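*Asks:* This is the structure, below, for whatever I ask next.
Numbering (the working numbering), first residue to last: 1243 to 1746.
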């Protein structure tokens, strides 16, 4: 019988007096594939980081079969923020003139001390052959995830720990990742994978279900598949729609067309990202924007959200006015409620940097993990002024609006909690509340359910459907999962390699 390479016995983990994990006993054998699943905020990522050696235990013991056991943790967020200046990346990712500031995919991958054969093998496994000459600034969210996974493999881990690796991937790339996990298992690599119950790979040996910081159940993969039941749908109920109508009362409409683009072209150097794209979004329409990773969706949205300077080189109209005709960026942003993975990264940046500094200094006191005191309530309030921070002053009415949306999205219990201590799923719901509080006429939601568990996803799409049913909102919605699409969607725009291939 194989001896465990990692053993956790009755471990607990606390930070700032809050117990996040308690009484966890778990072992991991060489070559085993272990899945950690459970509701958002149940402690999955914290447990995975303890297994990786990133966090110390508060009580109990965790032991490794060897001091040289190499454990690689691949974060859910993967914007290379620690290798490059995050603010520079966020501000310049749509600038045509970034020059040689950002390395190519090949340069990043070749930094690892690997043979040419090992490098080519990782490139082939992640289907990165056509991306090698691209600067990282040009990668889509899903393409960046593939580079992150290639880097993890090139590190030659004994234990590979993946935090929600399927998030942000299109259907084709998710199939690729399922196959990759099977290949890694056949190679004898031990895998710990955080995932939803809907994305348990065929390579899984065991599934551990966490809830409220404890192990609720542990199954073999076959047992988990057999017992899995549909979670009872839980939708918020609004007993008085006069209340939500009052809170979301639209300002008098001063536009007929929210977005109009005529023969738009966007390029990075010689690479064309959007090619001869025309699109019109009328007031009150609800659009799904779909396409593979790298098809141009995020670039298209950047022309609307006032983040892309190339908008001035094209015929783009927002709210019946041509961009560049005098309306400021902040006047445009005031009319748009926006959520995206990149925005989420910006809110996480300071706390993630604090954590990385503490880890690199072997500071296991965890004191420096809690320096960012911005509360969840303050993050939602920041939506009124489109700020990233905690300095927004709000009126009594605005305080009521914040409280209402936090209650509607079932995150009101997080008001006084530090934002960086909320789970990733909870953080995403808070950013959704932030997008709603200022009651914008246009909502742009780029993979808004990324990181949400099944219940949270249903709560959010139900709220969105109710809003769109009772209040005139213009909606642009991006997702790679049909199950995450709200029922209110009435139009679809599909992109492929920067071109419109379907619009109806």
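Ideal placement from N, C-alpha and C gives every residue a C-beta, glycine not left out.
None of these values were measured; they are calculated from a predicted model.
Output the distance between the C-alpha atoms of residue 1566 and residue 1546, rounded to the nearest integer angstrom.
*Replies:* So the alpha carbons of these two residues sit roughly 13 Å apart.
*Asks:* Please check if any C-beta of chain C sits within less than 7 Å of the C-beta of residue 1558.
*Replies:* The displayed structure is made up of one protein chain only, and chain C is not part of it.
*Asks:* Beta-carbon within less than 6 Å of residue 1317's beta-carbon, same chain only, minus the 5 sequence neighbours each way: which residues are those?
*Replies:* If we look at residue 1317 and ignore the five residues flanking it on each side, its Cβ neighbours are 1405.
*Asks:* Three-state secondary structure (DSSP) at residue 1674?
*Replies:* It is helical.
*Asks:* Go to residue 1638, then tell me how far its alpha helix (DSSP H) extends in each direction, as first and last residue.
*Replies:* That run of the alpha helix (DSSP H) goes 1638-1650.
*Asks:* Would you check if the segment 1657-1677 and the segment 1573-1592 touch, i.e. whether three or more CB-CB distances between them fall below 8 Å?
*Replies:* Because the criterion of three Cβ pairs below 8 Å is met, the segment 1573-1592 and the segment 1657-1677 touch.
*Asks:* Identify the residues that DSSP records as bridge partners of residue 1716: which are they?
*Replies:* 1684, per the DSSP bridge assignment.
*Asks:* Mind the definition here: the segment 1286-1294 touches the segment 1420-1427 only if three or more C-beta pairs lie below 8 Å; say whether that holds.
*Replies:* No, the segment 1286-1294 does not touch the segment 1420-1427.
*Asks:* Go ahead and label residue 1259 buried or exposed: buried means 16 or more other beta carbons lie within 10 angstroms of its beta carbon, across all protein chains shown.
*Replies:* Flag for residue 1259 reads exposed.
*Asks:* Kindly give me the distance between the Cβ atoms of residue 1394 and residue 1314, rounded to whole angstroms, as I take these residues to be in contact under 8 Å.
*Replies:* With a Cβ gap of about 5 Å, residue 1394 and residue 1314 count as contacting.
*Asks:* In the structure shown, what three-state DSSP assignment does residue 1738 receive?
*Replies:* It is a strand residue.
*Asks:* Whole alpha helix (DSSP H) runs in the segment 1413-1443 with 4 or more residues, listed along the chain?
*Replies:* Runs of the alpha helix (DSSP H) inside the segment 1413-1443: 1413-1428.
*Asks:* Hey, quick one: how far does the beta strand (DSSP E) through residue 1561 stretch, first residue to last?
*Replies:* Careful: residue 1561 lies outside any beta strand (DSSP E) and carries neither H nor E.
*Asks:* Any heavy atom of the ligand NAD within a distance shorter than 6 Å of the CB on residue 1310?
*Replies:* The ligand NAD is absent from the structure shown, which contains no ligand whatsoever.
*Asks:* Below 8 Å, can you find three or more Cβ-Cβ pairs linking the segment 1727-1736 to the segment 1524-1536?
*Replies:* Output reads yes: the segment 1524-1536 touches the segment 1727-1736.
*Asks:* Ignore the nearest five residues each way along the sequence and tell me which others in residue 1300's own chain have a CB closer than 6 Å to its CB.
*Replies:* 1254, 1255 and 1256, listed in sequence order.
*Asks:* Identify which residue in 1400, 1554 and 1645 has its Cα closest to the Cα of residue 1309.
*Replies:* Of the candidates 1400, 1554 and 1645, the one whose C-alpha sits nearest the C-alpha of residue 1309 is 1400.
*Asks:* Report yes or no: do the segment 1503-1520 and the segment 1548-1558 share at least 3 C-beta pairs separated by less than 8 Å?
*Replies:* Cβ pair count under 8 Å is three or more, so yes.
*Asks:* Ignoring anything shorter than 3 residues or poking outside the segment 1515-1559, list the beta strand (DSSP E) runs there in chain order.
*Replies:* Fully enclosed beta strand (DSSP E) runs of 3 or longer: 1528-1533.
*Asks:* Rounded to whole angstroms, what is the Cα-Cα separation between residue 1227 and residue 1746?
*Replies:* Residue 1227 lies beyond the residue range present for the chain, which begins at 1243 and ends at 1746; the question has no answer from this structure.
*Asks:* Within 10 angstroms of its Cβ, does residue 1449 collect 16 or more other Cβ (buried), or is it exposed?
*Replies:* Result: buried.
*Asks:* Could you tell me the boundaries of the beta strand (DSSP E) in which residue 1260 lies?
*Replies:* Residues 1260-1271.
*Asks:* Would residue 1643 be called buried (16 or more neighbouring beta carbons within 10 Å of its own) or exposed?
*Replies:* Result: buried.
*Asks:* When you compare only the Cα positions, how much space is there between residue 1649 and residue 1442?
*Replies:* Each residue's alpha carbon lies about 31 Å from the other.
*Asks:* Going by CA-CA distance only, name the one from 1656, 1553 and 1549 that's closest to residue 1628.
*Replies:* If we check each option's Cα against that of residue 1628, 1549 comes out closest.
*Asks:* Under the rule that 16 or more other beta-carbon atoms within 10 Å means buried, what is residue 1349, buried or exposed?
*Replies:* So residue 1349 counts as exposed.
*Asks:* For a test of the three-state rule: what should DSSP assign to residue 1456, helix, strand or coil?
*Replies:* In the structure shown, residue 1456 sits in a strand (DSSP, three-state: E or B).
*Asks:* Nearest by alpha-carbon distance to residue 1544: which of 1287, 1686, 1726 and 1246 is it?
*Replies:* Of the candidates 1287, 1686, 1726 and 1246, the one whose C-alpha sits nearest the C-alpha of residue 1544 is 1686.
*Asks:* Can you give me the Cβ contacts of residue 1538 inside the same chain, cut-off strictly under 7 Å, excluding the 5 residues immediately before and after it?
*Replies:* Cβ within range, chain order: 1515, 1516, 1737 and 1740.
*Asks:* Expressed to the nearest angstrom, what Euclidean distance is found between the alpha-carbon atoms of residue 1366 and residue 1452?
*Replies:* Their Cα atoms are separated by approximately 35 Å.
*Asks:* Going by beta-carbon coordinates alone, are residue 1447 and residue 1251 separated by less than 7 Å?
*Replies:* For residue 1447 and residue 1251, no; Cβs fall outside 7 Å.
*Asks:* Look up residue 1379 in the DSSP assignment and give the residues it is bridged to.
*Replies:* In the DSSP output, where bridge partners are listed per residue, residue 1379 has none listed.
*Asks:* Taking C-alpha atoms, which residue in 1353, 1381 and 1410 lies nearest to residue 1396?
*Replies:* When only C-alpha atoms are compared, the closest one is 1353.
*Asks:* Which residues bound the alpha helix (DSSP H) around residue 1465?
*Replies:* Run containing residue 1465: 1463-1469, per the alpha helix (DSSP H) assignment.
*Asks:* I'd like the span of the beta strand (DSSP E) that includes residue 1288, first residue to last.
*Replies:* From DSSP, residue 1288 is part of no beta strand (DSSP E) but of the alpha helix (DSSP H) over 1286-1293.
*Asks:* My understanding is that residue 1376 touches residue 1346, with C-beta atoms under 8 Å, so please give their C-beta distance in whole angstroms.
*Replies:* That belief holds up - the Cβ atoms of residue 1376 and residue 1346 are roughly 6 Å apart, short of 8 Å.
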